[in-house]
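> Please read through the structure below; I'll follow up with questions.
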């Protein structure tokens with residue numbers, strides 16, 4: 002990562018800068034004591050920790066811009082943070098950085114039902130968006146498992162997905178426009194309230210850039226009409242291979258469910274111990290959850306087709322539900338899966354890779370072999386419909402050297418995903434966790450090209466340094482040598 006003239010500040014010479022921040026946001030909203038700073042030393046990837054030098058909590062776009070300008074003028078690295086629920090270390094502070102926390106910016110600024118748009122600040126919680134429009138018959142489709150606590154700003158940064166991304170896409174498919182503060186402190190608007198704005202797709206470029214291109218302070222989202230009918234089908238299988246084949250067969254039959262999730266036996270028993278759904282048979286090798294939505298006749302027809310495909314693949318029992326309460330109970334175990342692991346293991350490490358659906362059975366078999374080779378149990382919970390795996394590696398961090406082995410095991414799983422034609426991330430982002438695996442997926446030329454774009458927005462490397470790209474990199478020297486050619490390029 003090429004940080005230009007980053008000055009390592011001490012507490013003493015930060016005092017004038019702290020006063021500048023306090024003048025912008027108020028003394029109450031600048032965190033600087035050692036004890037308070039510990040609150041912000043990691044995101045949900047708690048294995049990585051680094052205390053920031055200062056935490057600033059702005060409340061308006063203008064305050065964000067002024068804070069970023071101060072960082073720019075003093076060549077201070079900075080990291081933007083939302084609710085801190087990210088799982089790849091994307092909001093992990095770097096040494097001697099300013100952490101810009103967006104939690105105070107939590108207003109819903111505009112609701113435009115006629116055009117199916119809503120404008121929110123980055124601190125708005127994902128689930129609040131649907132709550133704000135559900136009474137009028139609308140909802141917001143992207144629904145990460147952490148949707149009751151994760152914020153829209155973080156969803157935009159990481160291009161988050163969720164259960165319904167199979168049919169409706171991930172965050173980028175629902176972001177229409179952004180108000181941005183870029184790394185020199187300028188305020189820019191990209192996109193708008195209509196799809197396919199003329200010019201470069203800067204909105205698409207920014208979503209998923211993990212805070213390396215700037216900070217979104219206003220976000221225009223697309224909302225959808227609530228479907229006429231919704232049905233959830235739960236099938237249990239005596240083998241993971243049979244459940245995986247059912248997934249492929251459902252898609253091959255021309256159906257696109259709203260969501261299609263799978264859990265293995267280890268996960269089933271963990272969630273039943275915690276939330277006791279009583280819907281997940283403890284002796285099942287796998288359960289498959291399929292949500293269908295759309296017109297009543299479409300849902301009714303597809304429910305029968307899905308049930309038959311599952312039976313043809315050896316499903317022992319089929320449970321379906323249309324009423325909201327029962328649907329939520331069927332989903333309860335899947336939504337609680339990550340939390341349930343915390344009750345059976347002192348620590349767990351979750352990965353996020355993507356594979357072709359047709360490779361599910363074989364990849365899960367190889368993950369099982371890796372589990373035995375490294376000696377760590379792995380629970381598999383994943384978005385089966387789009388091949389987005391979330392293997393949870395269980396370990397005890399108090400055992401010396403355990404996390405290093407678990408990291409290595411997680412890396413082997415990511416490399417496996419790439420080998421079978423997949424990706425090292427589906428929705429959690431790259432962050433600090435996976436940047437060293439980027440060369441396994443991208444060539445040196447690919448990584449150079451990405452750096453060219455980053456340098457247009459972030460030529461000094463102050464915005465979220467050390468994330469996404471491997472450090473030290475073998476591919477970046479050429480990109481750095483050409484930085485000057487991109488300075489002054491106006492892409493807005």
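Residue numbers (this note's numbering): 2 to 493. All C-beta atoms in this analysis are idealised placements derived from N, C-alpha and C, irrespective of residue type, glycine included. The model shown is predicted, which means the values in this text are computed figures rather than measured ones.
Start and end of the beta strand (DSSP E) containing residue 440?
That residue, residue 440, is in no beta strand (DSSP E); its alpha helix (DSSP H) goes 439-442.
> With burial defined as no fewer than 16 other Cβ atoms inside 10 Å of the residue's Cβ, what is the status of residue 1: buried or exposed?
Nothing about residue 1 can be reported from this structure: the residues present for the chain run from 2 to 493 only.
> Taking the beta carbon of residue 116 as the centre, do at least 16 other beta carbons fall within 10 Å, making it buried, or is it exposed?
Per the 10 Å Cβ criterion, exposed.
> Applying the 10 Å Cβ sphere with the 16-neighbour rule, what's the burial state of residue 20?
Exposed, by the Cβ-count rule.
> I'd like the list of long-range same chain contacts for residue 18, defined as Cβ closer than 8 Å, with 5 residues on each side in sequence excluded.
So the qualifying residues of the chain are 10, 55, 71, 75 and 77.
> Applying the criterion that 16 or more other CB atoms from any shown protein chain within 10 Å of the CB defines a buried residue, is residue 201 buried or exposed?
Counting Cβ neighbours within 10 Å, residue 201 comes out exposed, since fewer than 16 surround it.
> According to DSSP, which residues form a beta bridge with residue 30?
Beta-bridge pairing links residue 30 to no other residue.
> To which residues of the same chain is residue 483 closer than 6 Å at the C-beta, ignoring the five residues directly before and after it?
Caution is warranted here: a pLDDT of 39 is assigned to residue 483, below 50, making its placement in the model unreliable, and the coordinate value is therefore given only provisionally. Answer for residue 483: no residue qualifies.
> Under 8 Å, with one C-beta from each stretch per pair, do the segment 221-240 and the segment 283-296 reach the 3-pair mark?
Touching, yes, given that three or more Cβ pairs across the two stretches are closer than 8 Å.
> Does the distance from the C-beta atom of residue 169 to that of residue 133 stay below 8 Å?
No, the Cβ-Cβ distance between residue 169 and residue 133 is not below 8 Å.
> Smallest Cα separation from residue 188: which of 167, 219 and 162?
Minimum Cα distance to residue 188 is reached at 219.
> Decide yes or no for the touch test of the segment 434-451 against the segment 462-474: beta carbon pairs closer than 8 Å, at least 3 of them.
Verdict: yes, contact present.
> Residue 406 by DSSP, collapsed to three states: which one?
Of the three classes helix, strand and coil, the one that applies to residue 406 here is helix, per DSSP.
> Give the range of the alpha helix (DSSP H) segment to which residue 1 is assigned.
Outside the modelled stretch of the chain, which goes from 2 to 493, sits residue 1, for which no answer is possible.
> So the alpha helix (DSSP H) residue 232 belongs to, where does it begin and stop?
Unbroken run through residue 232 is the beta strand (DSSP E), 230-238; no alpha helix (DSSP H).
> Once DSSP output is grouped into helix, strand and coil, what is the label at residue 382?
Three-state result, residue 382: strand.
> In three-state terms, what does DSSP make of residue 392?
Strand at residue 392.
> What do you get for residue 400, buried or exposed, if any count of 16 or more other CB atoms within 10 angstroms of its CB means buried?
It is exposed - the Cβ of residue 400 has fewer than 16 other Cβ atoms within 10 Å.
> Which runs of the beta strand (DSSP E) at least 3 residues long sit entirely within the segment 134-192? Give them in chain order.
Counting only runs of 3 or more, we get 176-182 and 188-192.
> Within 10 Å of its beta-carbon, does residue 224 have 16 or more other beta-carbons around it, so buried, or fewer, so exposed?
Residue 224 should be labelled buried.
> List the whole-angstrom C-beta distance separating residue 385 from residue 262, where the pair is believed to meet the contact cut-off of C-beta under 8 Å.
Correct: roughly 6 Å between the Cβ atoms.
> Please name the residue in 293, 281 and 272 whose C-alpha comes closest to that of residue 256.
The residue with the shortest Cα to Cα distance from residue 256 is 293.
> Identify, in the order they occur along the chain, each residue of the same chain with its Cβ nearer than 8 Å to the Cβ of residue 1, setting aside the five sequence neighbours on each side.
Only positions 2 to 493 of the chain appear in the structure, and residue 1 is not among them; the question remains open.
> Count the CB pairs spanning the segment 44-62 and the segment 82-101 that are closer than 8 Å, and state whether there are at least three.
Yes, they touch.
> Which residues bound the alpha helix (DSSP H) around residue 329?
Looking at the DSSP string, the run of the alpha helix (DSSP H) that includes residue 329 is 325-336.
> Return the CA-CA distance between residue 348 and residue 376, expressed in angstroms with no decimal places.
Their backbone Cα atoms lie some 15 Å apart in a straight line.
> List the residues that DSSP assigns as beta-bridge partners of residue 354.
Answer is 390.
> Can you list, in chain order, the residues of its chain with a C-beta nearer than 6 Å to that of residue 264? Leave out the 5 residues immediately preceding and following it.
Excluding sequence neighbours, residue 264 sits near 288 and 382.
> I need the DSSP call for residue 256, collapsed to helix, strand or coil.
It is coil, neither helix nor strand.
> Provide the residue(s) that pair with residue 100 in DSSP beta bridges, ordered along the chain.
In DSSP, residue 100 forms a bridge with 56 and 80.
> Give a yes or no on whether the C-beta atoms belonging to residue 173 and residue 192 are separated by under 8 Å.
Going by C-beta atoms, residue 173 is not nearer than 8 Å to residue 192.
> What's the C-alpha gap between residue 243 and residue 185?
If I take the Cα positions, the gap works out to 54 Å.
> Output the distance between the C-alpha atoms of residue 221 and residue 453, rounded to the nearest integer angstrom.
Cα to Cα, the separation comes out at about 27 Å.
> Relative to the alpha-carbon of residue 388, which residue among 413, 136 and 421 has its alpha-carbon at the smallest distance?
The shortest Cα separation from residue 388 among 413, 136 and 421 belongs to 421.
> On the three-state DSSP scale, how would you describe residue 106?
Residue 106 falls in the coil class under three-state DSSP.
> Does any heavy atom of the ligand FMN sit closer than 7 Å to the C-beta of residue 383?
Of ligands this structure carries none, so the ligand FMN is not represented either.
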